[in-house]
Amino acid sequence: MDIEILEGIYDANEKVARENYTLFRGSGVLAMNLMASPGAGKTSLIAHTLELLKGRRKVGVIEGDIASSVDAEKLKTYDIPVIQINTGGICHLDATMIQQAIAQMDLDALDLLIIENVGNLVCPAEFKLGESLRAMILSVAEGHDKPLKYPLMFSDSDVLVVNKTDLIGMGDFDMAELRDTVTRMNPDIIIFEVSCRTGEGLSAWVDWLDARIGEFKEG
Ligand SMILES: Nc1nc2c(ncn2[C@@H]2O[C@H](COP(=O)(O)OP(=O)(O)OP(=O)(O)O)[C@@H](O)[C@H]2O)c(=O)[nH]1
Ligand SMILES: [Mg+2]
Ligand SMILES: [Zn+2]
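Written as structure tokens, this is what we have:
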């Protein structure tokens with residue numbers, strides 16, 4: 007009984023996610039689902055990405071949080087469309103929340119839609135939103151063993167951004183071990199090493215993202 011209910015939830019979500027994807031495809035907007043634990047640096051990475059894509063790509067953001075509009079307020083200065091979703095206690099975004107948010111957006115005016123998921127390393131990976139790019143952040147402060155403990159997000163993401171590289175050396179974080187573990191779980195994953203504090207590695211990340219946007223537009 008419990009299993010049937012769960013499958014029903016996931017099937018219903020997949021259906022709406024496909025509808026969202028159809029809208030994104032029709033408007034030529036690459037949707038990126040950005041997932042990570044609380045405080046890994048999602049909003050910081052979005053802010054830097056907006057800065058570096060300014061004049062190159064038109065970007066919109068959906069901010070998902072359990073409560074508050076703190077993150078959406080931070081991005082207001084970029085003069086781009088930002089929609090805040092408050093999940094009211096739910097610890098992930100789902101496709102219906104995105105469907106409601108994009109009904110308020112002019113998708114035709116965008117090249118990239120960044121969706122900041124709720125800070126959580128577990129269930130955001132289970133709910134597809136209609137995205138074409140699944141991105142995750144792991145920050146150095148969280149430790150290199152996290153892929154072993156939270157495997158789904160690491161094995162299901164297209165790209166991993168390792169943030170807070172400025173903190174390497176302050177603890178026992180081992181980048182080679184992280185890369186080794188993640189690559190064994192997900193041989194196709196692309197890995198970037200960045201610091202939103204110093205700016206290191208960010209231009210490589212943004213150039214890669216810009217190329218993905220171009221590819222998506224070409225179909
Ligand atoms: N040292 C260091 N701190 C960083 C870096 N990137 C972000 N931070 C700090 O980490 C904290 C959390 O960053 P956010 O960007 O708010 O993280 P988030 O993932 O959006 O957090 P939630 O939305 O609350 O889940 C802030 O105090 C940032 O200034 C970095 O590269 N190095
Ligand atoms: Mg945030
Ligand atoms: Zn959840």
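Residue numbers (this note's numbering): 7 to 225. Ideal Cβ placement from N, Cα and C applies to all residues, glycine included. Since the model is a prediction, treat every value here as computed from it, not as a measurement.
Beta-carbon proximity list for residue i, same chain, < 6 Å, skipping 5 on both sides
i	result
Gly162	The amino acid occupying residue 162 in the given sequence is Asp; Gly does not appear at that position. Cβ within range, chain order: Ala131.
Ser74	none
Residue i: CB within 6 Å of a non-hydrogen atom of ligand 1
i	result
Lys170	yes
Cys129	no
Contact test: residue i Cβ vs ligand 2 heavy atom, cutoff 6 Å
i	result
Lys48	yes
Asp164	no
Cβ-based burial, residue i [other Cβ within 10 Å; buried from 16]
i	result
Phe67	According to the sequence displayed, residue 67 carries Val and not Phe. Classification of Val67: buried, given that the 10 Å Cβ count is 16 or more.
Ile89	buried
Pro193	exposed
Asp77	buried
Lys155	exposed
Thr3	Outside the shown range of the chain (7 to 225) lies residue 3, about which nothing can therefore be said.
Beta-carbon contacts of residue i that lie in its chain and below 8 Å, excluding the five residues immediately before and after
i	result
Gly207	Thr171, Phe198, Glu199, Val200, Ser201
Asn195	Note on identity: in this sequence residue 195 is Ile, with Asn being the wrong assignment. Closer than 8 Å at the Cβ level, and outside the excluded window around Ile195, lie Phe160, Ser163, Asp164, Val165, Leu166, Val188, Thr189.
Thr102	Asn19, Val22
Cβ neighbours of residue i in the same chain (closer than 7 Å, five flanking residues each side left out)
i	result
Glu2	This structure gives no information on residue 2, because the portion of the chain shown stretches from 7 to 225.
Pro157	Met191
Alpha-carbon to alpha-carbon, residue j and residue i
i	j	result
Leu99	Thr93	7 Å
Lys223	Leu36	8 Å
Lys21	Ile120	21 Å
Pro44	Gly95	14 Å
Gly14	Arg24	16 Å
Ile152	Val124	The sequence given here has Lys at residue 152, not Ile. Going by the C-alpha atoms only, they are around 18 Å apart.
Gln110	Asp71	18 Å
Arg62	Ser209	13 Å
Residue i beta carbon near ligand 3 (any heavy atom closer than 6 Å)
i	result
His98	yes
key: Sufficient close CB pairs (3 or more, under 8 Å) joining the region 80-87 to the region 137-145   = Fewer than three Cβ pairs drawn from the region 80-87 and the region 137-145 lie within less than 8 Å of each other, which leaves the two stretches out of contact.
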